[in-house]
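Protein chains in written order, with this note's numbering: chain A, 83 to 299; chain E, 15 to 375.
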């Protein structure tokens with residue numbers, strides 16, 4: 083509750099608004115920073131600055147940009163609260179943070195489903211760049227987006243978790259680490275999820291085979 | 015192009031966020047990093063999937079704090095007088111028996127932008143599962159906070175959530191998020207985690223201070239030392255925050271012990287987090303004023319808050335309330351409400367981590 087414990091290098095709260103300040107000039111690993119944050123809590127801001135943009139993108143993909151704002155806040159507050167249980171053998175906190183975000187997102191799976199259904203219905207993706215950027219491929223892009231969103235809406239939370247972590251660039255081991263499940267579970271769950279999406283897409287929008295650099299993008 | 019390629023495109027289409035979007039989250043985090051570490055022994059507990067018992071909540075409210083306050087009350091002349099009257103009010107509190115539950119209803123900051131109302135039923139002796147119901151916070155700052163694993167820093171009641179920096183005259187309304195959870199029995203926990211355990215603490219003010227000195231170990235930042243008086247204040251503040259209803263003689267001893275601390279000041283008129291008028295005994299440290307707030311008519315303890323003093327070196331606006339909790343009601347209950355299985359899951363976030371599969375909540 084209180085502000086009794088402070089440190090000489092506390093950032094001025096009045097200036098904490100800028101997310102990309104000079105806080106991350108150090109070369110410490112995430113594990114080092116988190117370890118230091120046990121006694122110097124404000125060090126945790128470095129973790130935020132390093133990873134919040136990526137977590138936001140991930141959350142925006144699954145819940146929309148507005149909900150992502152809150153989710154990022156929740157994710158980092160949770161991570162901060164649990165910083166003493168971060169396993170220092172992992173140099174990067176990325177899988178850990180995405181794991182927390184994923185669990186928080188999964189608790190809103192009805193919101194997520196609604197979000198995908200809205201995309202499936204309208205073809206408009208509030209999380210993505212303006213559709214005007216893609217005007218040339220607009221019809222095709224909307225069609226594939228609709229199909230994909232409909233397929234995602236039909237998955238359960240566990241399947242979405244592995245699928246969207248994978249599509250966000252995580253490998254099996256990292257996903258296993260993020261979700262605290264065995265790698266084999268990730269593998270089988272991902273296979274099942276992919277199959278469901280493939281089947282759903284097959285019924286909605288035959289995207290492949292397709293000519294390179296053409297519609298479907 | 016297969017389905018994974020499409021999905022990768024789907025993810026890659028999301029642009030990086032405008033830095034301004036991240037500002038509130040970063041500010042909330044930094045505010046939280048400034049928060050005082052909790053004591054290690056106050057209230058460790060974990061959640062478990064225990065069968066919900068008791069069909070209805072038959073709460074016997076022996077004490078209701080939301081009484082209307084008179085406007086023309088004359089505040090006591092000093093903090094010492096206030097604390098003495100508070101001690102007198104506390105000592106006559108009815109006792110709770112083993113097998114019963116301590117009921118509290120507290121409001122305070124919940125999730126990042128809303129206040130929360132949290133009702134808890136805690137087993138008097140820690141041998142039975144309790145229940146927590148929260149409105150306005152459902153996430154890790156609220157109900158799930160009770161799911162901290164044993165051995166970790168004990169969670170505070172939900173109002174310990176990130177304080178907003180805004181100067182709040184009145185609390186924001188609770189969001190419509192709500193959650194319930196079972197609190198696993200806390201038998202075997204340190205004494206200060208249960209009402210029954212607290213009955214073993216000394217009720218002589220001097221002995222109580224010695225006990226707190228010995229058992230209360232706030233972690234200080236490197237190079238920083240907390241004065242013994244500050245640590246003692248923090249211990250008492252924490253116990254009041256965490257339990258809500260204390261054995262009367264202990265609560266009286268705590269207020270008498272505070273009388274002995276040099277530098278307790280009287281704040282005759284304060285407004286608490288819930289917007290109620292009160293009279294406070296305050297402790298000042300490093301540009302922050304910590305207030306223990308009392309009903310100005312009955313001198314019952316009704317809440318706490320932390321106010322920024324002018325010239326605060328962290329740049330907070332003078333007068334801002336950084337944190338607050340208001341005890342809306344408290345009492346002794348003989349049963350706990352049943353918690354539907356569908357919502358029990360909500361609060362089991364950290365068990366989900368172990369189990370690996372949150373199926374949705």
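C-beta atoms are modelled at their ideal positions from N, C-alpha and C, and glycine is treated no differently.
Mind listing the chain A neighbours of residue 28 of chain E? Cutoff is C-beta to C-beta under 7 angstroms, in chain order.
If you number the second chain from 1, residue 28 of chain E lands on position 14. Going along chain A in sequence order, the residues near residue 28 of chain E (Cβ under 7 angstroms) are 139, 142, 143, 209, 210.
Closer than 7 angstroms between beta carbons: that is the criterion. Which residues of the region 102-136 of chain A meet it against chain E?
102, 121, 122, 123, 124, 126, 127, 130, 134, 135
Do you know whose CA, among E:96, E:295, E:309, lies nearest residue 303 of chain E's CA?
By 1-based counting over the second chain, the position of residue 303 of chain E is 289. Per the Cα distances, E:295.
With H, G and I counted as helix, E and B as strand and the rest as coil, what does DSSP make of residue 282 of chain E?
The count along the second chain starts at 1 and reaches residue 282 of chain E at position 268. Here residue 282 of chain E sits in strand by DSSP.
With three or more beta-carbon pairs closer than 8 angstroms as the criterion, would you say the region 197-213 of chain A touches the region 259-277 of chain A?
no
Assuming residue 299 of chain E is part of the beta strand (DSSP E), what are its boundary residues?
Within the second chain, numbered from 1, the residue matching residue 299 of chain E stands at position 285. Looking at the DSSP string, the run of the beta strand (DSSP E) that includes residue 299 of chain E is 291-299.
Can you round the beta-carbon distance between residue 43 of chain E and residue 159 of chain A to whole angstroms, since I take them to be within the 8 angstroms contact cut?
As a first step, residue 43 of chain E must be located in the second chain, where it is residue number 29. As a first step, residue 159 of chain A must be located in the first chain, where it is residue number 77. Contact holds; Cβ gap of about 6 angstroms.
Taking 7 angstroms as the CB-CB cut-off, is residue 283 of chain A touching chain E?
Counted from its first residue, the first chain places residue 283 of chain A at position 201. Taking Cβ atoms only, chain E reaches closer than 7 angstroms to residue 283 of chain A, which makes this a yes.
Ordered along the chain, which non-local residues of its own chain (more than five positions away) have a Cβ less than 8 angstroms from that of residue 112 of chain E?
By 1-based counting over the second chain, the position of residue 112 of chain E is 98. So the qualifying residues of the chain are 138, 139, 141, 210.
For residue 339 of chain E, which three-state DSSP category applies?
Within the second chain, numbered from 1, the residue matching residue 339 of chain E stands at position 325. It is a strand residue.
Whole angstroms is fine: what's the gap from residue 252 of chain A's alpha carbon to residue 274 of chain E's?
Position 170 of the first chain, counted from the start, is the residue given in the question as residue 252 of chain A. Position 260 of the second chain, counted from the start, is the residue given in the question as residue 274 of chain E. Cα-Cα distance, rounded: 58 angstroms.
Check residue 344 of chain E in the structure and name its three-state DSSP category.
By 1-based counting over the second chain, the position of residue 344 of chain E is 330. Note: residue 344 of chain E maps to strand in three-state DSSP.
Going along the chain, which residues of the region 251-263 of chain E sit with their C-beta nearer than 9 angstroms to a C-beta in chain A?
251, 252, 255
Where residue 97 of chain E and residue 37 of chain E are concerned, what is the direct C-alpha to C-alpha distance, given to the nearest angstrom?
Within the second chain, the letter at position 83 stands for residue 97 of chain E. Within the second chain, the letter at position 23 stands for residue 37 of chain E. Roughly 41 angstroms separates the two Cα atoms.
Strictly below 9 angstroms CB to CB, what residues from chain A border residue 46 of chain E?
Here residue 46 of chain E is taken as the residue at index 32 of the second chain, counted from 1. What residue 46 of chain E touches in chain A: 123, 126, 158, 159, 162, 163.
Strictly below 7 angstroms CB to CB, what residues from chain A border residue 39 of chain E?
For the purposes of this step, residue 39 of chain E is taken as residue 25 along the second chain, with counting starting at 1. Per Cβ cutoff of 7 angstroms: 134, 151, 154, 155, 158.
Min CB distance residue 279 of chain A to chain E below 7 angstroms
Position 197 of the first chain, counting from 1, holds the residue named residue 279 of chain A. Cβ-Cβ to chain E under 7 angstroms: yes for residue 279 of chain A.
Buried or exposed: where does residue 277 of chain A fall if 16 or more other Cβ atoms within 10 Å of its Cβ makes it buried?
The count along the first chain starts at 1 and reaches residue 277 of chain A at position 195. Exposed: under 16 other Cβ atoms inside 10 Å.
Buried or exposed: residue 324 of chain E, going by 16 or more other Cβ atoms within 10 Å of its Cβ?
Mapped onto the second chain, residue 324 of chain E falls at position 310. Exposed is the call here.
Is it buried or exposed for residue 286 of chain E, if we count other Cβ within 10 angstroms and need 16 for buried?
Residue mapping note: residue 286 of chain E aligns to position 272 of the second chain, counting from 1. By the 10 Å Cβ count, residue 286 of chain E comes out buried.
Grouping DSSP H, G and I as helix and E and B as strand, with all else coil, what is residue 190 of chain A?
In the first chain, counting from the first residue as 1, residue 190 of chain A sits at position 108. Residue state, collapsed to three classes: coil.
Would you kindly work out how many angstroms separate the C-alpha atoms of residue 217 of chain E and residue 268 of chain A, rounded to a whole number?
Start at 1 with the first residue of the second chain, and residue 217 of chain E comes out as number 203. Start at 1 with the first residue of the first chain, and residue 268 of chain A comes out as number 186. Distance between the alpha carbons of residue 217 of chain E and residue 268 of chain A is about 56 angstroms.
Just the chain A side, please: which residues come within less than 8 angstroms of residue 18 of chain E by C-beta, in chain order?
The count along the second chain starts at 1 and reaches residue 18 of chain E at position 4. Within chain A, the residues near residue 18 of chain E are 248, 249, 276.
Run down chain A in chain order and give the residues with a C-beta less than 7 angstroms from the C-beta of residue 42 of chain E.
Taking the first residue of the second chain as position 1, residue 42 of chain E is located at position 28. Neighbours of residue 42 of chain E on chain A, chain order: 155, 159.
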